[in-house]
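Notes follow the structure.
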Amino acid sequence: MTHQQKQNRLSTQPWRLVWYFFPVQLLILHFKRNHLLLFFWLLLYLYVNNSIGSKYGISYLFLAPEYLGRIDGLSFGILGFSLGGFITAFNIYSYILHANEFPFLATLSKPFLKFCYNNLLIPLFFLILIIVESFQFQVTQELMSNGEALFNEGCFLIGLALFLLMSTLFFGYFNKNIFSLSGKDESYYESLKKTPKVKEATFMKGTPWYKRMSRVRGFKVVTYIYSPISIKLARETSHYDTKLLKEVFAQNHINASIFEIFLIITFFALGIFRDVEWVNIPAGASILLLFTLFLLVFSAFYSWFKGWTLTLLLGGFLLLNFFANYTETFKFRNYAYGIDYTHRANYSWNALNRLCTDKMYYDSSYSHGLVMLENWKKKNEEILDHKPKLILLNISGGGSRASVWAMEVLSHLDSITNGEFYNQTHLITGASGGMIGATYFRELYLQRQRDSSISLTNEKYTQQLGEDLLNPLAFGIASTDLLFRYQKVTDGNYTYTKDRGYSFEQKLIKNLDGTFKEKRIYDYWEDEFYSRVPMMIYSPSVVNDGRRILISPQPISYLTYHCDTNGVNQYNSMENLEFTKLFERNNPFNLKVTSAMRMSATFPYILPMVTLPTDPPIEVMDAGIRDNYGLKTSLDFMRVYKDWIEKNTSGVVVVQIRDKEKYFEVQNPNSGMVLQRIFAPFNSFYSNTTKTHDYNNDQLLEAVPDWFEGSFETVTFFMKQDKGKQISMSWHLTSLDKKVIGEALQEKENINAAERLLKILN
Numbered sequence: 001m002t003h004q005q006k007q008n009r010l011s012t013q014p015w016r017l018v019w020y021f022f023p024v025q026l027l028i029l030h031f032k033r034n035h036l037l038l039f040f041w042l043l044l045y046l047y048v049n050n051s052i053g054s055k056y057g058i059s060y061l062f063l064a065p066e067y068l069g070r071i072d073g074l075s076f077g078i079l080g081f082s083l084g085g086f087i088t089a090f091n092i093y094s095y096i097l098h099a100n101e102f103p104f105l106a107t108l109s110k111p112f113l114k115f116c117y118n119n120l121l122i123p124l125f126f127l128i129l130i131i132v133e134s135f136q137f138q139v140t141q142e143l144m145s146n147g148e149a150l151f152n153e154g155c156f157l158i159g160l161a162l163f164l165l166m167s168t169l170f171f172g173y174f175n176k177n178i179f180s181l182s183g184k185d186e187s188y189y190e191s192l193k194k195t196p197k198v199k200e201a202t203f204m205k206g207t208p209w210y211k212r213m214s215r216v217r218g219f220k221v222v223t224y225i226y227s228p229i230s231i232k233l234a235r236e237t238s239h240y241d242t243k244l245l246k247e248v249f250a251q252n253h254i255n256a257s258i259f260e261i262f263l264i265i266t267f268f269a270l271g272i273f274r275d276v277e278w279v280n281i282p283a284g285a286s287i288l289l290l291f292t293l294f295l296l297v298f299s300a301f302y303s304w305f306k307g308w309t310l311t312l313l314l315g316g317f318l319l320l321n322f323f324a325n326y327t328e329t330f331k332f333r334n335y336a337y338g339i340d341y342t343h344r345a346n347y348s349w350n351a352l353n354r355l356c357t358d359k360m361y362y363d364s365s366y367s368h369g370l371v372m373l374e375n376w377k378k379k380n381e382e383i384l385d386h387k388p389k390l391i392l393l394n395i396s397g398g399g400s401r402a403s404v405w406a407m408e409v410l411s412h413l414d415s416i417t418n419g420e421f422y423n424q425t426h427l428i429t430g431a432s433g434g435m436i437g438a439t440y441f442r443e444l445y446l447q448r449q450r451d452s453s454i455s456l457t458n459e460k461y462t463q464q465l466g467e468d469l470l471n472p473l474a475f476g477i478a479s480t481d482l483l484f485r486y487q488k489v490t491d492g493n494y495t496y497t498k499d500r501g502y503s504f505e506q507k508l509i510k511n512l513d514g515t516f517k518e519k520r521i522y523d524y525w526e527d528e529f530y531s532r533v534p535m536m537i538y539s540p541s542v543v544n545d546g547r548r549i550l551i552s553p554q555p556i557s558y559l560t561y562h563c564d565t566n567g568v569n570q571y572n573s574m575e576n577l578e579f580t581k582l583f584e585r586n587n588p589f590n591l592k593v594t595s596a597m598r599m600s601a602t603f604p605y606i607l608p609m610v611t612l613p614t615d616p617p618i619e620v621m622d623a624g625i626r627d628n629y630g631l632k633t634s635l636d637f638m639r640v641y642k643d644w645i646e647k648n649t650s651g652v653v654v655v656q657i658r659d660k661e662k663y664f665e666v667q668n669p670n671s672g673m674v675l676q677r678i679f680a681p682f683n684s685f686y687s688n689t690t691k692t693h694d695y696n697n698d699q700l701l702e703a704v705p706d707w708f709e710g711s712f713e714t715v716t717f718f719m720k721q722d723k724g725k726q727i728s729m730s731w732h733l734t735s736l737d738k739k740v741i742g743e744a745l746q747e748k749e750n751i752n753a754a755e756r757l758l759k760i761l762n
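In this text, residue positions in the sequence shown follow full-length UniProt numbering: the first is 1, and each later residue adds one.
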């Protein structure tokens with residue numbers, strides 16, 4: 001069929017222009033074969049659309065990227081640059097796997113670039129979505145003006161265009177077509193169409209019939225995008241040598257794989273400089289980086305190994321898994337910084353039982369605790385003319401929102417009570433982000449005793465706690481943490497592997513003006529003992545068996561002691577273990593305060609689980625898994641010292657600082673889509689964990705009058721969050737999030753709670 005005949009046919013059948021348009025055929029191919037690619041795009045779409053991960057604020061990372069503490073044109077430009085990398089990886093992956101389905105490409109100049117022009121429907125749809133969603137998010141959640149949001153979107157597009165331009169220049173220079181490989185021009189091949197015998201003799205002589213019949217015909221394409229401003233008809237390719245066509249694609253595949261290998265090496269090289277602040281790109285860009293890495297690795301392997309790719313990758317994974325199980329080199333462990341890992345504590349049942357039934361430990365720690373209570377009493381007697389209330393402070397977990405909320409409440413209570421509230425507080429327990437906020441407030445309170453110019457109500461401190469902590473975590477996952485960890489860090493005489501856990505601690509130290517840079521848990525021993533600040537207990541959960549590790553510089557064996565004198569509980573499960581006793585040969589008091597906070601706030605996958613030096617090894621993670629509010633530890637303390645408390649105080653006040661109200665909306669597991677119903681049991685189990693804590697805590701509180709004869713009251717402060725507008729449980733907060741947290745104390749319930757607390761203390 002001549003070119004003119006083809007045009008006449010298209011004019012009478014316009015539907016062919018659409019159906020056999022190259023971008024449409026590529027879209028059909030993706031839905032038919034490229035399910036891995038579609039999975040990544042679907043995941044990004046669901047992230048940006050806030051359909052998944054909304055509870056953890058994943059959409060924020062794409063809609064308002066933060067870089068060097070700012071959301072601006074630079075952060076958006078980096079995100080756009082990263083998206084350009086992912087789109088390029090998407091095009092390379094598609095080209096390497098499927099370009100041979102479209103043999104006419106080999107007859108075009110710069111075939112890969114022409115392929116990219118036509119492989120635009122999926123990226124274009126996502127690009128429109130992210131621009132629209134991001135603009136709305138910046139205006140409504142980050143409280144920016146329309147002009148600022150538009151400027152950021154422009155920078156995003158510039159970053160995107162910059163990476164695409166780089167890839168265009170590379171492939172434009174190295175891409176080959178059939179004319180450059182054969183050394184013949186287009187007129188030569190056109191003449192072959194008119195000379196069937198020549199074509200037969202040239203290309204089919206000596207070729208077995210079954211090979212001629214097996215030549216790949218590919219998808220039918222009538223029109224394609226030739227350039228951003230023109231569309232052309234696809235060439236006939238039946239008169240071209242099939243072997244030569246394949247050589248064109250093979251050569252271009254090699255060029256693409258070289259480009260991929262260069263990018264992969266660049267990604268890992270960035271991981272070497274993860275401690276350099278400007279290297280920690282926005283978390284959304286890191287996610288795109290990770291997706292890009294997956295696609296590049298797979299397509300690079302496919303360029304060289306073709307059908308063996310999946311087998312080799314699977315074999316490599318199994319081999320890595322084998323080495324990880326039998327060699328130390330491939331065992332990816334995270335460490336608590338400051339302690340000695342050369343000795344291993346015995347973690348057998350018998351060893352733990354001896355630890356938890358040692359009467360000497362109990363007596364010594366109990367006496368020590370009594371002296372601390374007497375010091376607390378003496379301090380308050382110098383100020384008050386009546387018996388003080390013993391305040392036990394419980395603070396919930398919940399990422400950065402809990403950290404900022406804890407600081408807001410504590411500084412407010414210190415202000416309205418003229419320091420009386422914190423003066424009467426003896427013990428602080430809790431989980432995750434809440435304990436980070438409480439630890440920072442306690443340190444500032446201690447510093448104020450030495451420097452009266454420090455104001456605990458200074459907004460600077462809440463702003464510091466609200467600064468981003470997620471970027472170094474996401475970058476660590478994308479660059480090196482998932483595959484290998486080769487960098488080391490020293491702390492005194494000890495050497496540890498550097499990973500995103502270390503990056504988290506360093507970023508936290510920086511955000512808080514270096515406050516905890518060299519702080520060890522022992523540094524608080526004297527101040528806690530003499531009641532200059534309240535005692536604090538961190539309680540991370542053991543992943544292996546569900547126990548709790550209680551971390552404090554003070555001896556607290558009275559919280560772990562078990563003595564069955566009446567045969568009621570002969571085989572105690574030894575739920576609580578004292579950190580300093582279990583690891584007494586591991587320099588436990590040298591543990592960094594930042595590591596103690598991190599262990600208590602290790603949310604699954606975001607932060608790596610911390611391995612402790614036991615035999616067999618155990619791993620710990622978020623305290624919120626066992627007790628998100630710290631009430632259990634507080635009541636255990638009350639029970640141990642109830643006689644002293646009843647005699648020397650005017651009662652106990654448990655002050656709870658919750659990052660959300662105690663209101664449970666009933667979820668219908670049979671509502672929603674089929675997939676939602678399938679995963680309803682798992683989702684319900686996971687999402688109801690903290691609710692289960694509330695049910696258990698209610699029972700514990702209701703039972704207190706049965707064993708405690710003194711006055712006992714609870715005061716609760718909570719952050720009210722509107723349905724559908726809840727602040728994500730993340731290490732990143734939006735401007736609106738911070739505004740909502742700052743205004744939460746003005747809620748009627750919190751005003752009433754503050755007034756009630758004042759009344760109790762007076």
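We put the CB at the ideal spot given by N, CA and C, even for glycine.
Bridge-paired residues (DSSP) for residue i
i    : result
Q656 : N394, T716
M360 : The partner list for M360 (beta bridge, DSSP) is empty, contrary to what the question assumes.
S230 : S227
R442 : Paired residues: none, contrary to the question.
Distance between residue j and residue i (C-alpha atoms, nearest Å)
i    : j    : result
T266 : A161 : 19 Å
H562 : T633 : 15 Å
R639 : Q449 : 32 Å
S187 : N280 : With a pLDDT of only 48 at S187, under 50, the local geometry of the prediction cannot be trusted, and the value read off the model is given with reservation. Going from the Cα of S187 to the Cα of N280 covers about 54 Å.
F81  : L165 : 10 Å
S191 : H98  : The pLDDT assigned to S191 is 48, lower than 50, so where the model puts this residue is not dependable; a value taken from the coordinates is nonetheless given after this. Their backbone Cα atoms lie some 29 Å apart in a straight line.
T497 : T490 : 9 Å
P608 : N334 : 6 Å
L270 : R532 : 45 Å
V610 : G338 : 13 Å
E443 : L373 : 20 Å
D643 : K739 : 44 Å
Reduced DSSP secondary structure (H/G/I, E/B, other) of residue i
i    : result
S557 : helix
M729 : coil
R70  : strand
D627 : coil
A201 : For A201, the predicted structure reports a pLDDT of 38, less than 50, and the residue's modelled location is therefore unreliable. The matter cannot be settled from this model.
Y502 : helix
N576 : strand
A601 : coil
S299 : helix
D698 : helix
M536 : strand
Y522 : helix
Selected residue, minimal CA-CA separation from residue i, among the options
i    : options               : result
N587 : R344, K759, Y605      : R344
P103 : K220, V18, Y60, L470  : K220
F163 : G85, S411, G147, N375 : G85
I28  : G69, F76, L390, N119  : N119
I128 : G397, V48, V533, I645 : V48
R520 : K592, I131, F475      : K592
Y445 : V653, Y461, P111      : Y461
E505 : A336, Q487, G742, I96 : A336
K378 : F529, G624, G316      : F529
Cβ-based burial, residue i [other Cβ within 10 Å; buried from 16]
i    : result
I727 : buried
I436 : buried
E661 : exposed
Q138 : buried
P705 : exposed
V371 : exposed
M407 : buried
L169 : exposed
is_contact[residue i, chain C] using C-beta, thresh 8 Å
i    : result
F151 : No chain C is present in this structure, which holds just one protein chain.
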